[in-house]
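When we follow full-length UniProt numbering, the leftmost residue of the sequence shown carries the number 1, and every step to the right adds one. Just so you know, even glycine gets a beta-carbon here, dropped at the ideal spot from N, CA and C. Structure record follows, encoded as structure tokens.
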Amino acid sequence: FQRQHLRHNESYFWLMPTKRDRVPEYFEKLPLNIATEMTVALKLTNEDYLLYDVYNPSYRHGGKLNVTYMGSWNVNNGLNVVLTQYKYKRRGNLYGLVLNASIA
1 FQRQHLRHNE SYFWLMPTKR DRVPEYFEKL PLNIATEMTV ALKLTNEDYL LYDVYNPSYR
61 HGGKLNVTYM GSWNVNNGLN VVLTQYKYKR RGNLYGLVLN ASIA
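Below you can see the structure in the form of structure tokens.
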């Protein structure tokens, strides 16, 4: 689950259900990046979940895990997403992360 060869980029969509009341700490150790498509579903009851968008601006460069409330799901009302911005606009703040770059 935490190995580097797992793909946590936009090519794969991850839905990670949990019975915990918050996003588990082990997500901080996953090699996530700004393009990650991962939703953590916190189970409230058998019919209700809170959904969170989870990513890291750059795990490889010491970025910090970002958890954003994205909505909810329940049996009666279905999916309710409250996010309104495009993914990269919403994730545009890199929180002072220093990236390496080169110009050719």
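key: Three-state secondary structure assigned by DSSP to E25   = E25: helix per DSSP, three-state reduction.
task = Measure the beta-carbon distance from residue 105 to M70 and round it to whole angstroms, keeping in mind my assumption that it falls under 8 Å.
result = In the structure as shown, the chain begins at 1 and stops at 104. Residue 105 is therefore absent and cannot be evaluated.
task = Ignore the nearest five residues each way along the sequence and tell me which others in D53's own chain have a CB closer than 6 Å to its CB.
result = Hits under 6 Å: T68 and M70.
inquiry  = I need the boundaries of the beta strand (DSSP E) containing Y52, first residue and last residue.
reply    = In this chain, the beta strand (DSSP E) harbouring Y52 covers D48 to Y55.
message = Is the separation between the beta-carbon of P31 and that of Y59 shorter than 8 Å?
response = In this structure, Y59 lies closer than 8 Å to P31 by Cβ.
query = In this structure, what does DSSP give as the bridge partners for T68?
reply = Answer by DSSP bridge pairing, in chain order: D53.
message = Here's the rule I'm using: 16 or more other beta-carbon atoms within 10 Å means buried, otherwise exposed. How should G63 be labelled?
response = By the neighbour-count criterion, in which 16 or more other beta carbons inside 10 Å mark a residue as buried, G63 falls on the buried side.
ask   = Nearest to I34 by CA position, among L83, S72 and H8, is which residue?
value = Of the listed residues, the one whose Cα sits closest to I34 is H8.
request  = Take the Cβ of V40 as the centre, count every other Cβ of all protein chains shown within 10 Å, and call the residue buried at 16 or more, exposed below.
outcome  = Burial call: buried.
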